[in-house]
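Heads up: the structure comes next, in structure tokens.
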Amino acid sequence: MIIGHSISNGDGVIQVVDETVATLLQRTQKQLVGLSYLAITHPDDLARNRSQVIALQPNGNSAKIRKRYIGGEGDILTLEVQVSRLGSGQTGHLVGTLSTIPTAVDVIDPADMPYRLWQRAKSLLGVMRARDETLGSDLFADHAWTTLLIVYVAEAEGRIASIDMVAGALGMSRATLGRWIRVLQTRSLIEPPHADLDALQLTQTGIDGIERLLATQPAMEVS
């Protein structure tokens, strides 16, 4: 299950972090901003974590890192972090999506909630694409919802939802998508763009709202 996001500079010093992430790490956002990710990493994971981050190339493939954090109260917290190095320049920024570790039940039981929500989101996108191809996309105008679903699925799969990727999936220009992004930002569903980053991220409000809708059961079964 996605917890939230963090953005660090190229050297790993935290610039922005979601409140949900800070709370889980037993700190405030203010306490985390300005710290290196290494300062809150378990000592036994430091060397491996550092080498994985150093290997990331700007705008290249992301890496899924399972690591232990040291909480502000001294607890050891094991999480998965999907990390990408994005942006201009030689180092760019490090963008992390933090998630809980899947349990054995998560892997074995497809009925588990995170799996079902991801599957339902993928299914909805598939139906909407088939609908547009069959009936014509000009008949439908649910761009805001489709944008949220595309970003949600990308984050759940540990991918970066770049603006170009989302615009391409929607079949619209960057300028048009930009107008929808601004609308979603006014509703606190999408994070404001970070300098030098060409990627979309959901706010915690956005994640919670989407997952609440995806978990909604139909009022009656249709047979």
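First residue of the sequence shown? That's 849 in the numbering used here, and the numbers climb one at a time after it.
We put the CB at the ideal spot given by N, CA and C, even for glycine.
Quiz item: Excluding sequence positions up to five away, which residues of its chain have a Cβ less than 7 Å from the Cβ of L972?
Solution: If you ignore the 5 residues before and after L972, its C-beta comes within less than 7 Å of the C-beta of L997, all in its own chain and listed in chain order.
Quiz item: By how many angstroms is the C-alpha of P891 removed from the C-alpha of G974?
Solution: Rounded to whole angstroms, G974 to P891 spans 44 Å at the Cα level.
Self-check item: Three-state secondary structure assigned by DSSP to V1014
Solution: V1014 sits in a helix when the DSSP states are folded into three classes.
Quiz item: Should Q1052 and T868 be called a contact, given that it needs their Cβ atoms to be closer than 7 Å?
Solution: Yes; because the gap between Cβ atoms is below 7 Å, this pair is in contact.
Practice problem: Mind checking which residues open and close the alpha helix (DSSP H) that includes H991? | Solution: Looking at the DSSP string, the run of the alpha helix (DSSP H) that includes H991 is H991 to A1004.
Self-check item: Cβ shell of G919 (< 7 Å), same chain only, five flanking positions each side left out
Solution: If we look at G919 and ignore the five residues flanking it on each side, its Cβ neighbours are L873, Q874 and L925.
Exercise. Kindly indicate the opening and closing residues of the alpha helix (DSSP H) around G802.
Key: Residue 802 is absent from the model: the chain starts at 849 and stops at 1071.
Quiz item: Under three-state DSSP, which class holds N857?
Solution: The three-state reading of DSSP puts N857 in strand, counting E and B together.
Quiz prompt | Residue burial classification, S884 (beta-carbon count within 10 angstroms, cutoff 16) | solution = Under the 10 Å beta carbon count, S884 is surrounded by fewer than 16 other beta carbons and is classified as exposed.
Quiz prompt | Closest by C-alpha distance to V1031, when choosing among T995, T1064, L983 and I862 | solution = Ranking the options by Cα distance to V1031, first place goes to T995.
Practice problem: Put S910 into one of helix, strand or coil per three-state DSSP. | Solution: Here S910 sits in coil by DSSP.
Quiz item: For G944, which option in L1048, W1028 and A992 has the closest C-alpha, if you only look at C-alpha atoms?
Solution: Put simply, of L1048, W1028 and A992 the residue whose alpha carbon is nearest the alpha carbon of G944 is L1048.
Quiz item: Between which two residues does the beta strand (DSSP E) containing T926 stretch?
Solution: It spans I924 to L934 - the beta strand (DSSP E) in which T926 sits, taken as one unbroken run.
Quiz prompt | Alpha carbon of L825 to alpha carbon of L894, nearest angstrom | solution = This structure cannot settle anything about residue 825, because the visible part of the chain is limited to 849 through 1071.
Quiz item: On the three-state DSSP scale, how would you describe T1049?
Solution: A small correction: the amino acid at residue 1049 is Gln; Thr does not occupy that position in the sequence shown. Coil at Q1049, not helix or strand.
Quiz item: Taking the C-alpha atoms as reference points, what is the distance between V999 and Q905?
Solution: Per the coordinates, the alpha-carbon of V999 lies some 22 Å from the alpha-carbon of Q905.
Quiz item: In chain order, what residues of the same chain lie with their CB nearer than 8 Å to the CB of G860, ignoring the 5 residues before and after it?
Solution: Exclusion of the five residues before and after G860 leaves S884, Y885, L886, V901 and L942 as the residues of its chain whose Cβ lies within less than 8 Å of its Cβ.
Quiz item: For A1017 versus W966, is the C-beta distance shorter than 7 Å?
Solution: No; because the gap between Cβ atoms is not below 7 Å, this pair is not in contact.
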